[in-house]
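> Going by numbering that gives the first Met the number 0, 133 is the number at position 134 of the sequence shown; the sequence numbering is gapless. In this text, a Cβ means the ideal position worked out from N, Cα and C, and glycines have one as well. On a predicted model such as this, the values are computed, not experimentally measured, just so you know.
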Amino acid sequence: MENNSSSSFDFIALGDITTDAFIRLKDAKTDCDVDHENCQLCLRFGDKVPYESVTIVPAVGNSPNASVCAARLGLKSALVTNLGDDRNGDEAIKALEKNGVSTKLVRRHQNQKTNYHYVLWYEDDRTILIKHEDYDYTLPSLDTKWLYLSSLGENSLALHDTLAAYLANNREIKLAFQPGTFQMKLGIEKLKNIYARTEIFFCNVEEAKRITGQNQASPESLLGYIRQLGPKIVVITDGKNGAYACAPAVGGASPSTAHFFMPPYPDPKPPLERTGAGDSFASTVVCALALGEPLEKALAWGPINSMSVVQQIGAQAGLLTRPELEKFLADAPLDYAPRKI
């Protein structure tokens with residue numbers, strides 16, 4: 000572990016950063032099962048396929064998005080991540096600092112590239128081509144109230160082990176865990192100490208099925224399967240259908256749990272594209288908890304930022320300040336609230 004210590008933060012996000020190149024497609028189609036699952040994006044093979052536009056968005060990724068969300072909502076926010084010593088790394092630093100995120104814990108690597116992903120944007124959704132550079136991961140000291148852990152590269156297992164040991168010795172830090180592609184690939188057993196230490200866990204329905212192997216389970220049942228792995232609070236999103244959560248029941252006996260369904264916030268107009276909808280939901284819920292809000296109110300905050308994010312290109316442009324978010328909450332429909340299930 001490195002010896003550089005951070006100043007005290009409300010919120011530190013840990014995870015890989017990337018530049019996203021949004022390539023807007025029109026000459027494409029999707030091929031799905033009859034139940035509209037297992038969809039594939041189809042392009043003509045061996046041909047020249049026109050595209051409409053390219054939009055470059057620096058300093059994004061699950062954890063960078065969360066760090067920007069926290070800063071917008073008024074928390075003292077920092078990011079632990081790795082960059083190359085290239086132009087994309089320079090642009091990432093500038094973007095984070097512009098958004099009020101401390102770059103004190105960002106590490107740059109000589110003669111390495113910054114992660115760069117290609118986002119194939121078709122209609123209102125996206126398919127992302129990802130590549131995580133092979134960084135030498137290290138863990139700085141973390142002086143924070145909340146740590147938000149998300150997507151890291153395939154060679155990050157040792158970092159997770161180091162982090163689990165660090166958290167075991169620093170019980171005051173609350174851990175939010177939103178696993179990325181390679182963290183899910185590592186599997187439950189290799190990350191069991193992370194799952195067991197998690198205060199609040201986030202994933203979507205498809206990811207929950209992948210993690211647990213319960214391919215036929217309902218969202219409500221998946222909450223229980225994930226909670227058995229150790230997280231205190233579990234939140235599973237179901238896209239346009241809303242989100243589900245379970246947590247220890249307030250005032251109940253120790254094994255007692257409360258289950259909730261949170262509907263989506265009404266879109267003011269059709270979404271432009273959905274990149275970052277899950278990140279904004281998860282990080283906003285964590286930020287609300289970090290700001291002292293109870294879980295039920297935190298669940299109501301999440302969909303508002305998701306609604307705002309999908310109205311713009313990329314995962315950060317639509318992230319709201321606290322006054323903006325609370326205005327949407329005050330104007331919400333009467334039935335916009337988590338309900339017990």
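Per DSSP, what kind of secondary structure is Asp160 in: helix, strand or coil?
helix
> Skipping 5 residues on each side, what residues in its chain have a beta carbon closer than 6 Å to that of Arg321?
Leu72 and Gly73
> Could you tell me the boundaries of the alpha helix (DSSP H) in which Lys208 lies?
Val204 to Thr211
> From the DSSP output, in three-state form, read off Glu36 for me.
Coil, per DSSP.
> Below 8 Å on the Cβ atoms is my guess for Leu148 versus Phe176; work out the distance and round it to an integer in Å.
5 Å
> Assuming Gly152 and Asp19 are in contact, meaning their beta carbons sit under 8 Å apart, how far apart are those beta carbons, in whole angstroms?
Taking 8 Å as the upper bound for CB-CB distance, Gly152 and Asp19 are not in contact here, some 17 Å apart.
> Given 8 Å as the limit, is there contact between the region 167–183 and the region 38–51, that is, 3 or more CB pairs closer than that?
The region 167–183 is not in contact with the region 38–51.
> Quick one: what's Tyr147 bridged to in DSSP?
Ala12 and Ala175
> Write down the C-beta distance between Met261 and Pro332 rounded to the nearest angstrom, noting that I regard them as a contact closer than 8 Å.
About 13 Å separates the two Cβ atoms, so there is no contact after all.
> Look at the Cβ atom of Phe10, then the Cβ atom of Trp145, and state whether they are nearer than 7 Å.
Between Phe10 and Trp145, the gap from beta carbon to beta carbon is short of 7 Å.
> How big is the Cα-Cα spacing for Asn215 and Val204?
As written in the sequence, residue 215 is Gln, which differs from the Asn given in the question. Cα to Cα, Gln215 sits roughly 11 Å from Val204.
> Suppose you measure from the CA of Tyr136 to the CA of Gly186; what does that come to, to the nearest Å?
19 Å
> Mapping DSSP to helix, strand and coil, what is Asp30?
strand
> Closest to Ala65 by CA distance: which of Gly317, Ile340, Gly229 and Lys268 is it?
Gly317
> What are the boundary residues of the alpha helix (DSSP H) that includes Asp124?
No alpha helix (DSSP H) contains Asp124, which is instead part of the beta strand (DSSP E) from Asp124 to Leu128.
> With burial defined as no fewer than 16 other Cβ atoms inside 10 Å of the residue's Cβ, what is the status of Gly275: buried or exposed?
buried
> Rounded to whole angstroms, what's the CA-CA distance from Pro293 to Ala287? Just pull it up for me.
8 Å
> By the 10 Å Cβ neighbour count, where 16 or more other Cβ atoms means buried, how is Gln227 classified, buried or exposed?
exposed
> Quick one: Cα of Ser52 to Cα of Thr197, how far?
40 Å
> Roughly how many whole angstroms lie between the Cα atoms of Pro263 and Gly301?
Roughly 9 Å between the two C-alpha positions.
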